[in-house]
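Take the sequence shown: its position 231, counting from 1, is numbered 1400 in our numbering, and each next residue is one higher. For glycine and all other residues, C-beta sits at the position ideal for the given N, C-alpha and C. Below: one structure, written as structure tokens.
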Amino acid sequence: MSKDIRVSTQGEIGIIQLDRPEVANALNRSMVDEIVRQMEEFDHNEEIRVIVIKGSEKAFAAGADIAEMTEETSMSLELANPFAVWDRMMLIKKPMIAVVNGFALGGGFELALHCDLIIADENAKFGFPEVTLGVMPGAGGTQYLTKVMGRAKALEWMWLGEPMSATDALHYGVINRIVAPEMLEEESMLLAEKLAKQAPIALRLIKEAVNEAVDAPMSEGLKLERKNFYLAFSTQDQKEGMRAFTEKRKPFFKGV
Ligand code: CO8
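Structure, rendered in structure tokens:
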């Protein structure tokens, strides 16, 4: 039984809700552990096609739990290696959507950045306030953000430590969509449902190839794209998708 997250499913969508509202969903290590274990559980669950991560009423997550970190030392952190569990998030194959209301700060923002798509309400605020605590982002923030928005803006944002509005985050390509607060739940589930109707293996192969584009040289990315393109033709969903087009009907994808 999870202490700090709530888990539910809605059709083929697996939902992880952060649930430490008394500390704005600050992420302590056991909570990150629970989140990742649940992501993996959904990833392996054949009934689930899309994973949604959301916050509670007032915040997505206000960062790593500062109370837990205050007395840490370089050596205690190095030994505990709190980021090993974050690395496992990068292995999740199914689409992950972060649904952000309120604050997504520090580690909370990094959690959203580990998802594939970010949908936020108009009042959401994104930021890396670590510098104001005398530290820096540690769960991938400097890398993810720089790749998304470029060096100058990423540096400015992380050096000043000020939160950025959802509008700015959208402008710089950090998030995918903004919706009115009262529509956040509905719009994010609609997006998840749309993805859940797509051919699951094709989604997976696309995610893998797009991720390769971020890290690898073009020639490597093109190789993987071609391999995955060929692989898609070994699925029944490819036959279904193409036959449905010819027969002028909607496809029904089974994920095989
Ligand atoms: N850690 C611990 N407690 C927190 C955190 C946090 N990150 N954020 C908020 N809280 C607590 C507050 O202490 C407060 O508790 P209490 O009621 O007992 O005083 C409660 O949540 C509510 O917070 P506020 O009263 O401050 O609420 P406001 O609405 O006035 O402000 C803010 C909300 C703006 C979110 C404010 O709380 C804030 O600035 N929080 C800190 C944000 C921050 O600095 N985040 C970065 C943390 S460092 C980090 O994330 C490094 C990541 C490294 C990777 C992770 C490895 C595990």
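Is W1255 near the ligand CO8, judged by its Cβ being under 8 Å from some heavy atom? The beta carbon of W1255 sits closer than 8 Å to at least one heavy atom of the ligand CO8.
Any heavy atom of the ligand CO8 inside 8 Å of the beta-carbon of M1238? yes
Less than 8 Å between the CB atoms is what I'm expecting for M1333 and G1296, so what's the real figure, rounded? 6 Å
Taking 8 Å as the cut-off, is the CB of D1234 close to at least one heavy atom of the ligand CO8? yes
Alpha carbon to alpha carbon, how far is M1244 from M1305? 17 Å
For a quick check, are the C-beta atoms of E1232 and L1274 less than 9 Å apart? At residue 1232 the sequence reads Gly, which differs from the Glu that was named. Result yes, Cβ atoms of G1232 and L1274 sit closer than 9 Å.
G1410 and A1365 closer than 9 Å at C-beta: no
For L1314, which residues in the same chain have their Cβ closer than 6 Å to its Cβ, ignoring the five residues on either side in sequence? A1323
Could you spell out the range, first to last residue, of the alpha helix (DSSP H) harbouring G1296? It is not in any alpha helix (DSSP H) - G1296 instead sits in the beta strand (DSSP E) that spans K1294 to G1296.
Residue closest to A1361, alpha-carbon to alpha-carbon, out of R1175, E1416, V1205 and I1288: Out of R1175, E1416, V1205 and I1288, I1288 has the C-alpha closest to the C-alpha of A1361.
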